[in-house]
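Note that the protein sequences, when read in sequence, are chains A and B. Numbered according to my numbering, the first sequence spans residues 444 to 780. Numbered according to my numbering, the second sequence spans residues 444 to 780.
Protein chains: 2
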Amino acid sequence: MQEERRLAVLRAIVEDYVSTEEPVGSKALVERHRLGVSPATVRNDMAVLEEEGFITQPHTSAGRVPTDKGYRLFVDRLTTVKPMSPAERRAIATFLDGAVDLDDVVGRSVRLLSQLTRQVAVVQYPTLSRSTVRHVELVALTPSRLLVVLILSTGRVEQRLVELETSLSDDELADLRLLVNRAATGEIIADAAAALKGSVPDVDGHAIAAVVDSLVEAMSDHRSDERIAVGGAANLARYGDSFDSAVRPLLEALEEHVILLKLLGEASTGGAVTVRIGHEGPYQELASTSVVATGYGPRDEALATLGIVGPTRMDYPGTMAAVRAVARYVSRFLDEG
Amino acid sequence: MQEERRLAVLRAIVEDYVSTEEPVGSKALVERHRLGVSPATVRNDMAVLEEEGFITQPHTSAGRVPTDKGYRLFVDRLTTVKPMSPAERRAIATFLDGAVDLDDVVGRSVRLLSQLTRQVAVVQYPTLSRSTVRHVELVALTPSRLLVVLILSTGRVEQRLVELETSLSDDELADLRLLVNRAATGEIIADAAAALKGSVPDVDGHAIAAVVDSLVEAMSDHRSDERIAVGGAANLARYGDSFDSAVRPLLEALEEHVILLKLLGEASTGGAVTVRIGHEGPYQELASTSVVATGYGPRDEALATLGIVGPTRMDYPGTMAAVRAVARYVSRFLDEG
DNA sequence: CTTGGCACTCAGGACTTTCGAGTGCCAGAG
DNA sequence: CTCTGGCACTCGAAAGTCCTGAGTGCCAAG
Numbered sequence: 444m445q446e447e448r449r450l451a452v453l454r455a456i457v458e459d460y461v462s463t464e465e466p467v468g469s470k471a472l473v474e475r476h477r478l479g480v481s482p483a484t485v486r487n488d489m490a491v492l493e494e495e496g497f498i499t500q501p502h503t504s505a506g507r508v509p510t511d512k513g514y515r516l517f518v519d520r521l522t523t524v525k526p527m528s529p530a531e532r533r534a535i536a537t538f539l540d541g542a543v544d545l546d547d548v549v550g551r552s553v554r555l556l557s558q559l560t561r562q563v564a565v566v567q568y569p570t571l572s573r574s575t576v577r578h579v580e581l582v583a584l585t586p587s588r589l590l591v592v593l594i595l596s597t598g599r600v601e602q603r604l605v606e607l608e609t610s611l612s613d614d615e616l617a618d619l620r621l622l623v624n625r626a627a628t629g630e631i632i633a634d635a636a637a638a639l640k641g642s643v644p645d646v647d648g649h650a651i652a653a654v655v656d657s658l659v660e661a662m663s664d665h666r667s668d669e670r671i672a673v674g675g676a677a678n679l680a681r682y683g684d685s686f687d688s689a690v691r692p693l694l695e696a697l698e699e700h701v702i703l704l705k706l707l708g709e710a711s712t713g714g715a716v717t718v719r720i721g722h723e724g725p726y727q728e729l730a731s732t733s734v735v736a737t738g739y740g741p742r743d744e745a746l747a748t749l750g751i752v753g754p755t756r757m758d759y760p761g762t763m764a765a766v767r768a769v770a771r772y773v774s775r776f777l778d779e780g
Numbered sequence: 444m445q446e447e448r449r450l451a452v453l454r455a456i457v458e459d460y461v462s463t464e465e466p467v468g469s470k471a472l473v474e475r476h477r478l479g480v481s482p483a484t485v486r487n488d489m490a491v492l493e494e495e496g497f498i499t500q501p502h503t504s505a506g507r508v509p510t511d512k513g514y515r516l517f518v519d520r521l522t523t524v525k526p527m528s529p530a531e532r533r534a535i536a537t538f539l540d541g542a543v544d545l546d547d548v549v550g551r552s553v554r555l556l557s558q559l560t561r562q563v564a565v566v567q568y569p570t571l572s573r574s575t576v577r578h579v580e581l582v583a584l585t586p587s588r589l590l591v592v593l594i595l596s597t598g599r600v601e602q603r604l605v606e607l608e609t610s611l612s613d614d615e616l617a618d619l620r621l622l623v624n625r626a627a628t629g630e631i632i633a634d635a636a637a638a639l640k641g642s643v644p645d646v647d648g649h650a651i652a653a654v655v656d657s658l659v660e661a662m663s664d665h666r667s668d669e670r671i672a673v674g675g676a677a678n679l680a681r682y683g684d685s686f687d688s689a690v691r692p693l694l695e696a697l698e699e700h701v702i703l704l705k706l707l708g709e710a711s712t713g714g715a716v717t718v719r720i721g722h723e724g725p726y727q728e729l730a731s732t733s734v735v736a737t738g739y740g741p742r743d744e745a746l747a748t749l750g751i752v753g754p755t756r757m758d759y760p761g762t763m764a765a766v767r768a769v770a771r772y773v774s775r776f777l778d779e780g
């Protein structure tokens, strides 16, 4: 039961520290949270919590600050997800409602998320790998130049230009178009790529091979998988202190989309919101930042990931709620499109 | 002739201030630049320069710092564009050589530019307005859903989804495809839009009107005009001092692409590199930042603009040279594509 | 287990002092 | 008229000093 109070103390410390941005002492704590005990008692609890590594003091004679481990406990056990207010729900809905295409959805999501959380928002474009082929179109720009257009179920359109060694007649082109569509349409792109490769031997001619190659390349091209939208970088300005140590590496990471993808990728399990805190994970430079992310996609398939990056000292319950809410709305939106 | 020396002094002040980041005094000046006169003389010159508003002292008993007006004079009259080193030229060429499509060119340019200048680079995607229509493709996804694909001379591909009230047969579709291509192909998009509208009355049917509308919309849609790539934001971390006053508004501006476009837009005249210094222009928030930009495009048509944004205290000759060089290489690259 | 009391610690703010780079001005030399 | 050396003066930045108060740990008593 003292155990229980100790956790209450930890929760209070996290909450106060997040809102005041200053180390919190025993006296201030009992004043702001009706804990029903005296400062001295709280001090004893604090000593234990410090012993166990959940909090620490910046220096003797200062208040306590949560450690990464403390935040972790807080997130795992002391957090009740606070529901979004009706106003916020409406804001999310109307914000996304006007979206006209996939790019627009992603763009709006990233802005929405950064405004709701006042953090840097990151939204991964829906991944190709799980999406299916809706249609393949071949357009002869000149007799020897072919534009290959790949239209996917997510609404994404990939195009490739193919230079042919031999030219194709309109009839041949129509045949080819029919062939590739028959092989690929409706398939998940991985399967479609395999099916296309399998159908090549049936027909001869370099032209066809070139077209198939470019299609397969477009399907497996990871560049499109890696597309990411970032927004709300201006929120970094609120960091104020600890500038070089925190903001610089973060700015660099934001441009290195590969790193961002890895950060988000850790989170893609299940429908739950994942939180990476501080030093957790391989990037020491980002030791003072946390990532809150979750997967999203139509029919709850996690096609992609979205989330935010911010200082370890952040409002986890609120942020997690916002991330989850946005992911749900975007998923629902993708369901309809 | 003293006039001449005074300008030499101004140049020396600018150069020293840019490299040392500290107010420069008379003594340090004569030591670092063989001016052939004594500190006292330089002091007299400085007094005059200050009188005329080219330099200022942060406080009594400190060295001098160039004003915006001083930088302006420096850029306009005291700068000899220093040519890029062969190594740099090679770096630019190889950096751009691997580009596979338009997006890639823009992405590489923005990275290249930010690395060369160590500033925040901004590259506008080639504008639609001057480009011509290469091909229009109509793809029937279902009998009543049509994908309209617009392929432009710049390599950009715009697509729109059109819901038809009535369904079209394959023959009708082929006719329509022929019709719109005949009207639009090869035209500048503004003309193409007009031509399309003109050809509508000839044919009846809501379907056709819908297709034409979506094409015209795609052509005149400014969203595509406004596309911009930003890179090198991590260089903002070098600002160090004057953080809230300078970096925050800049970060905000970087997300507000509209503002960026206006900033770049001022610069789009002719083939020369344009420089906007500090307070010049309407944005007071960006009073301590400068913009160095120039137009680029195939055959020296300025289809779009690229440049950098940085502190007023920057190496203007070097930056201008880099911007010009990148613009040239990108232009040449677009010529070939 | 909790609480009030108490001595102790120490970062941060306010204040003072010192130091030196840089200035303006003047009188004299070219 | 221009340049130069000399000189007194100014004032911000850095370093040193002092002081305050929030916060602590410990202890003895309830």
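Ideal placement from N, C-alpha and C gives every residue a C-beta, glycine not left out.
- Between residue 691 of chain B and chain A, the shortest Cβ-Cβ separation is below 8 Å.
- Judged by DSSP in its simplified three-state form, residue 577 of chain B adopts strand.
- Looking from the CA of residue 489 of chain A, the closest CA among A/477, A/475 and A/470 belongs to A/470.
- Boundaries of the beta strand (DSSP E) around residue 739 of chain B: 732 to 739.
- Comparing alpha carbon positions, the residue from B/535, B/760, B/508 and B/607 closest to residue 770 of chain B is B/535.
- Taking the CA atoms as reference points, residue 723 of chain B sits about 12 Å from residue 717 of chain B.
- Here residue 680 of chain A is near residue 694 of chain B, since their CB atoms are less than 8 Å apart.
- Going by DSSP, residue 627 of chain B is part of no beta strand (DSSP E) but of the alpha helix (DSSP H) stretching over 613 to 627.
- In the DSSP annotation of this structure, the continuous segment of the beta strand (DSSP E) that includes residue 672 of chain B starts and ends at 671 to 674.
- In the DSSP assignment, residue 771 of chain B falls within the unbroken alpha helix (DSSP H) covering 759 to 779.
- Residue state for residue 690 of chain A is assigned as helix, using DSSP reduced to three classes.
- By the 16-neighbour rule on beta-carbons within 10 angstroms, residue 502 of chain B is exposed.
- Only residues of its own chain outside the window of five on either side were considered, and among them 759 and 760 have a CB closer than 7 Å to the CB of residue 522 of chain B, listed in chain order.
- The Cβ atoms of residue 560 of chain B and residue 768 of chain B lie no closer than 8 Å to each other.
- The beta carbon of residue 725 of chain A sits closer than 7 Å to no other beta carbon from its chain once the five residues preceding and following it are set aside.
- In terms of Cβ geometry, residue 453 of chain B and residue 545 of chain B do not form a close pair [threshold 8 Å].
- Look at the stretch 504 to 592 of chain B and you find these whole runs of beta strand (DSSP E), each 3 residues long or longer: 563 to 567 and 576 to 585.
- For residue 641 of chain A, the uninterrupted alpha helix (DSSP H) run begins and ends at 632 to 642, by DSSP.
- With at least 16 other beta carbons inside 10 angstroms of its own, residue 567 of chain B counts as buried.
- In the structure shown, the three-state DSSP call for residue 724 of chain B is coil.
- 580, 582, 584, 590, 592 and 594: these are the residues of the stretch 580 to 596 of chain A whose beta carbon lies less than 7 Å from some beta carbon of chain B, given in chain order.
- When 7 Å is used as the limit between beta carbons, residue 576 of chain B is near no residue of chain A, the shortest such separation being about 12 Å.
- Take residue 513 of chain B, set aside five residues on each side of it, and the residues of its chain with a beta-carbon closer than 7 Å to its own are 453, 457, 497 and 498, in chain order.
- Per DSSP, the continuous beta strand (DSSP E) segment holding residue 719 of chain A begins and ends at 717 to 719.
- Spanning the alpha carbons of residue 746 of chain B and residue 778 of chain B requires a straight line of approximately 12 Å.
- Closer than 9 Å at the C-beta level to chain A, one finds no residue of the stretch 722 to 734 of chain B.
- Annotation for residue 501 of chain B: no beta strand (DSSP E) segment contains it, and DSSP assigns it neither H nor E.
- Below 8 Å, enough C-beta pairs join the stretch 570 to 586 of chain B and the stretch 596 to 608 of chain B to call them touching: three or more.
- Neighbourhood of residue 602 of chain B in chain A, by CB distance below 7 Å: 600, in chain order.
- Residue 551 of chain A is classed as buried because its beta carbon has at least 16 other beta carbons within 10 Å across all chains shown.
- In the three-state reduction of the DSSP assignment, residue 466 of chain A falls in the coil class, being assigned neither a helical nor a strand state.
- DSSP lists A/588 as the bridge partner or partners of residue 606 of chain A.
- Scanning its chain for C-beta atoms nearer than 6 Å, with the 5 sequence neighbours on each side dropped, one finds around residue 736 of chain A the residues 707, 710, 717, 748 and 750, in chain order.
- Boundaries for residue 480 of chain B: no alpha helix (DSSP H) harbours it, and the DSSP string shows neither H nor E there.
- Contact of residue 660 of chain A with chain B is not assigned, every C-beta pair being separated by 8 Å or more.
- A Cβ-Cβ distance of about 6 Å is found for the pair residue 616 of chain B and residue 583 of chain B, placing them in contact under the 8 Å criterion.
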